[in-house]
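Residue numbers (UniProt numbering): 1 to 184.
Okay, structure first, notes after.
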């Protein structure tokens, strides 16, 4: 799998005293707050010119980090963290977003297909932040071959449709036959 961090839009200055943003993105498959400091971390170059609308175009090959099982776990995400590189004080956190594995895998059919994805940045506490991050994801054939092997091992009934959103209205169970109820 290859992910390209394209750009960010609509960023906000980190403080009144900062004159220029020098943003970069850190990307990993482990949550930033995770206590297992393990995992691979990738970082884009610092964009010295883009300011509030930076562009990178940096590509990262995640095929040695992510295998087909990544797409079957409910809580599998790729985490992006946006920072600005301050000259004297070092990096300062600007926001984060998480790309669910289902957003990456849903709808891909031929290997090599690319998907353009955009995510709103969040503040440290998870509330809505300022800006949007744009990425492009490309899956290679090894992920599809592994998915087919796993799919062939799973017995599914024809009416089962996994991975889809269901929206409905909760209903109350009807009373048993012969019982009177004031509900009816």
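In this text, a Cβ means the ideal position worked out from N, Cα and C, and glycines have one as well.
So what does DSSP say about residue 75, is it helix, strand or coil?
coil
Determine the burial state of residue 126: buried for a count of at least 16 other Cβ atoms within 10 Å of its Cβ, exposed for fewer.
exposed
Taking 7 Å as the line, does the beta carbon of residue 2 fall inside it for any heavy atom of the ligand NAP?
Ligands are entirely absent from the displayed structure, and the ligand NAP is therefore not among its contents.
Under the rule that 16 or more other beta-carbon atoms within 10 Å means buried, what is residue 84, buried or exposed?
buried
Kindly indicate which three-state DSSP category residue 156 falls into: helix, strand or coil?
Low per-residue confidence applies at residue 156: pLDDT is 44, beneath 50, and the placement is therefore not dependable, though the value from the model is reported in the following sentence. Residue 156 falls in the coil class under three-state DSSP.
Alpha carbon to alpha carbon, how far is residue 47 from residue 57?
10 Å
Along the chain, where does the beta strand (DSSP E) that runs through residue 66 open and close?
From DSSP, residue 66 is part of no beta strand (DSSP E); its letter is neither H nor E.
Between residue 66 and residue 1, what straight-line distance do the alpha-carbon atoms span, to the nearest angstrom?
7 Å
So if DSSP puts residue 33 in a beta bridge, which residue, or which two residues, is it bridged to?
The partner list for residue 33 (beta bridge, DSSP) is empty, contrary to what the question assumes.
Residue 134 - partner residues in DSSP beta bridges
7 and 118
Where does residue 111 fall in DSSP's three states?
coil
Since residue 80 contacts residue 133 with CB under 8 Å, what's their CB separation in whole angstroms?
6 Å
When burial is assigned at 16 or more other CB atoms within 10 Å of the CB, is residue 110 buried or exposed?
exposed
What do you reckon, are the CB atoms on residue 55 and residue 118 nearer than 8 Å?
no
Going by the CB atoms, is the gap between residue 60 and residue 27 shorter than 8 Å?
yes
Is DSSP giving residue 102 helix, strand or coil here?
helix
By Cβ distance, which residues of its chain are closer than 7 Å to residue 44, with the 5 residues on each side in sequence left out?
5, 24, 25, 56 and 58
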